[in-house]
DNA sequence: GACTCTTTACTCGGATAGACGGTGTCCGAGTTTTGGTGG
DNA sequence: CCACCAAAACTCGGACACCGTCTATCCGAGTAAAGAGTC
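Chains as they are written, first to last, in this note's numbering: chain A, 1 to 159; chain B, 1001 to 1159.
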């Protein structure tokens, strides 16, 4: 089981956009330069965040991206779900109904099997933990030098 | 993010092996017939469980697989880790060090970034939930007719 | 009848091919700013 | 000086290769039970 790189990109970009709030909007290319990421592909992931209402995109010259709402109201689950998708990692194919279980009378498998229940419970715990942390929490726990560092580096890119 | 089908297969096969404890060992082919699964590929997944010490394989004629220890001592995390691997879903590529962060003095990024910490915390909650449930719990919560059903179907396969 | 050897049936481990999703790039369409042009 | 128009820069959305992983199969090697042959 593996999570795509887009999640890491998205979270760090959201952090950068939060630090650079007053310089917004930030174009994709500058954001990509900050982390040495492929610009076009990064844009695809940022568009996922726009679709989810986490970022807002400004078209035209001097356009770019900005946070669509306050960092306190952006949870990590929001970002993960926007980029990685909303369906569960474990997908039940109901193999208990195939083969031997095929001839059983209807109603035998009315209740979901324990395997699915257990897996769902685990994923729920995962989601709950992600939903409990916001972008603002990440900003608070980051190094105090992070905001200034980001602004300084960004200023050098535009200059 | 997606989990392979092998996890579902492995868990249901472990359940079946628990019900059929007195008929052990059960060959791969019979196990595959029970759920209409591709026999050779299923064997690969069962071998993963053997490597992890969850199942024991008996070679030779009338060989097959059996549980290597009591269902009370097999957690869902054991099965998932054996089949899906033990490394985390979120892999940190330290993109904060690339690009703008490349020229920073060593020691700037001594502490792991908050993104990794948050992700690890969520995955830990997931693992804890999986480790809290054993195969015996699944057996207890299954339909009371399940053991008999499984034994009856298996008897018909051998006959 | 007991022992040994061969056959058989199964597992084990690796090698291999195809399918699928994630990664990455490119291009055309739409939009807004910038800059020029004519009245 | 003002209004209008064209060019530039950017985002948006879709289409397209590439690559790694998952799915699935096959084959040779090893092992244990079953059966045949011999003493």
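The C-beta atom is built at its ideal place from N, Cα and C for all residues, glycine as well.
Which of helix, strand or coil does DSSP assign to residue i?
| i | result |
| --- | --- |
| residue 1086 of chain B | coil |
| residue 1040 of chain B | helix |
| residue 1056 of chain B | strand |
| residue 26 of chain A | strand |
| residue 158 of chain A | helix |
| residue 108 of chain A | coil |
| residue 143 of chain A | coil |
| residue 20 of chain A | coil |
| residue 1098 of chain B | coil |
| residue 1092 of chain B | coil |
| residue 113 of chain A | coil |
| residue 1061 of chain B | coil |
Among all the DSSP beta bridges, which residues are the ones paired with residue i?
| i | result |
| --- | --- |
| residue 67 of chain A | A:55 |
| residue 2 of chain A | B:1002 |
| residue 134 of chain A | A:75 |
Mind reading off the beta-carbon distance from residue i to residue j? Whole number of angstroms is fine, and I expect it under 8 Å.
| i | j | result |
| --- | --- | --- |
| residue 9 of chain A | residue 42 of chain A | 6 Å |
| residue 1035 of chain B | residue 99 of chain A | 5 Å |
| residue 1138 of chain B | residue 1030 of chain B | Actually they are not in contact, since the Cβ atoms of residue 1138 of chain B and residue 1030 of chain B sit about 21 Å apart, beyond 8 Å. |
| residue 45 of chain A | residue 83 of chain A | 6 Å |
| residue 1002 of chain B | residue 119 of chain A | Incorrect: roughly 13 Å between the Cβ atoms, too far for contact. |
| residue 1136 of chain B | residue 1033 of chain B | Not confirmed; about 25 Å, so no contact. |
| residue 7 of chain A | residue 61 of chain A | Actually they do not touch by this definition, with Cβ atoms about 31 Å apart. |
| residue 1126 of chain B | residue 155 of chain A | Not quite, the Cβ-Cβ distance comes to about 41 Å (not below 8 Å), so this is no contact. |
| residue 150 of chain A | residue 56 of chain A | About 19 Å; that fails the 8 Å criterion. |
| residue 1005 of chain B | residue 93 of chain A | 7 Å |
Could you tell me whether the stretch 123-142 of chain A touches the stretch 71-78 of chain A, using the rule of 3 or more Cβ pairs below 8 Å?
yes
Indicate whether the contact test is met: 3 or more Cβ pairs, each with one atom in the stretch 142-158 of chain A and one in the stretch 89-100 of chain A, closer than 8 Å.
no
Scan the stretch 54-85 of chain A for residues whose Cβ lies nearer than 8 Å to a Cβ of chain B and list them as they occur along the chain.
76, 84, 85
Please list the residues of the stretch 111-126 of chain A that have a C-beta atom closer than 9 Å to any C-beta atom in chain B, keeping them in chain order.
111, 113, 114, 115, 116, 117, 118, 119, 121, 122, 123, 124, 125, 126
Give the residues from the stretch 40-53 of chain A that approach chain B closer than 7 Å (Cβ to any Cβ), ordered along the chain.
none
At a cut of 8 Å, does the stretch 1025-1041 of chain B reach the stretch 1055-1073 of chain B through at least three beta carbon pairs?
yes
With contact counted as at least three CB pairs below 8 Å, one residue from each stretch, are the stretch 46-53 of chain A and the stretch 1106-1122 of chain B in contact?
no
Contact residues within the stretch 1010-1034 of chain B, judged by C-beta distance below 7 Å to chain A:
1011, 1012, 1033, 1034
According to a CB-to-CB cut-off of less than 8 Å, which residues of the stretch 1138-1153 of chain B neighbour chain A?
1138, 1141, 1142, 1143, 1145, 1149, 1150, 1153
Check distances from the C-beta atoms of the stretch 83-102 of chain A to those of chain B and list, in chain order, the residues that come in under 7 Å.
84, 89, 90, 92, 93, 95, 96, 98, 99, 100
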